[in-house]
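Some notes on the structure that comes next.
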Amino acid sequence: PLPDTAAFKLGQRSTVLITGGGQGLGAELAKEIARRHQCALVIFGRTQIAREAASWARMSASELKTLKMQMWEQMKKDASRKATPALLEREFAKITKAAELHRNIEEMIRAGSKVSYLPTDLTDAAETAKAVSSALNTHKAIDCGIHAAGLEESRLLADKKPEDFDRVFSAKAHGALHLLRSLPPTRGQRWVFFSSVVGRFGNLGQSDYAAASDF
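Just so you know, we're using the numbering used here here: the sequence shown kicks off at 20 and counts up by one.
Listed below in structure tokens is the structure:
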């Protein structure tokens with residue numbers, strides 16, 4: 020049976036902060052909260068909102084494919100860097116992520132929520148504190164915080180550099196600490212943290228993600 024959820028009762032006057040709420044599982048949760056409660060949503064995410072995001076979000080699969088080929092042709096003409104398929108995929112991912120972010124936020128708004136999106140690097144304590152301060156200036160209080168942000172880069176430990184391990188671990192573990200230290204505890208405030216089964220059972224190439232999830 021589910022535990023008593025009365026402490027998490029939300030309404031249109033509530034404000035929910037969701038890290039990683041622009042994409043992936045965090046976004047699915049944010050959209051469901053918007054549909055059920057129409058409360059204010061404050062979304063922290065790594066992806067910057069590009070000016071072209073709205074037009075990218077409206078593109079069909081064939082139009083995106085054409086755009087990708089155009090990018091490839093432009094890369095081959097750029098003498099400052101070598102054009103490679105891996106580079107193309109990284110650059111094109113910025114477009115698809117920005118488009119997904121735009122679509123998700125639009126869906127939350129259509130469901131009845133007021134949405135504030137703040138690009139935030141949770142591994143940076145000062146940047147996290149600044150984003151939290153900005154959110155509180157707008158919404159006065161955070162009723163519920165949901166830490167869904169995380170980073171997973173599966174590679175064998177022998178193939179990971181120390182900074183690779185730190186990047187994955189810090190996104191979830193240090194991000195949680197920076198959030199809790201930045202938000203003054205208030206009466207009725209509740210927190211939800213996304214972990215993973217990998218934090219208990221492990222997974223090949225995910226020692227850093229397992230450590231962060233266990234934390």
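Cβ coordinates follow ideal geometry from the N, Cα and C atoms, glycine included.
Across the set Asp140, Glu92, Lys96, the C-alpha of Asp140 shows the shortest separation from the C-alpha of Gly39. DSSP, read as helix, strand or coil, puts Val61 in strand. Around the beta-carbon of Gln31, fewer than 16 other beta-carbon atoms lie within 10 Å, marking it exposed. Residues of the same chain with a CB within less than 7 Å of the CB of Cys58, apart from the 5 flanking positions on each side, are Leu29, Gly30, Gln31, Ser33, Thr34, Val35, Ile52, Ser132 in chain order.
Secondary structure at Val134: strand, using DSSP grouped into helix, strand and coil.
Secondary structure in the region 66-134: the alpha helix (DSSP H) runs of 4 residues or longer, each lying completely within the stretch, are 72-76, 80-96, 104-129 in chain order. Taking Phe212 as the centre and dropping the five residues before and after it, the same chain places the C-beta of His166, Ala195 closer than 7 Å to its C-beta, in chain order. Where Val216 is concerned, there is no enclosing beta strand (DSSP E), because DSSP gives it neither an H nor an E.
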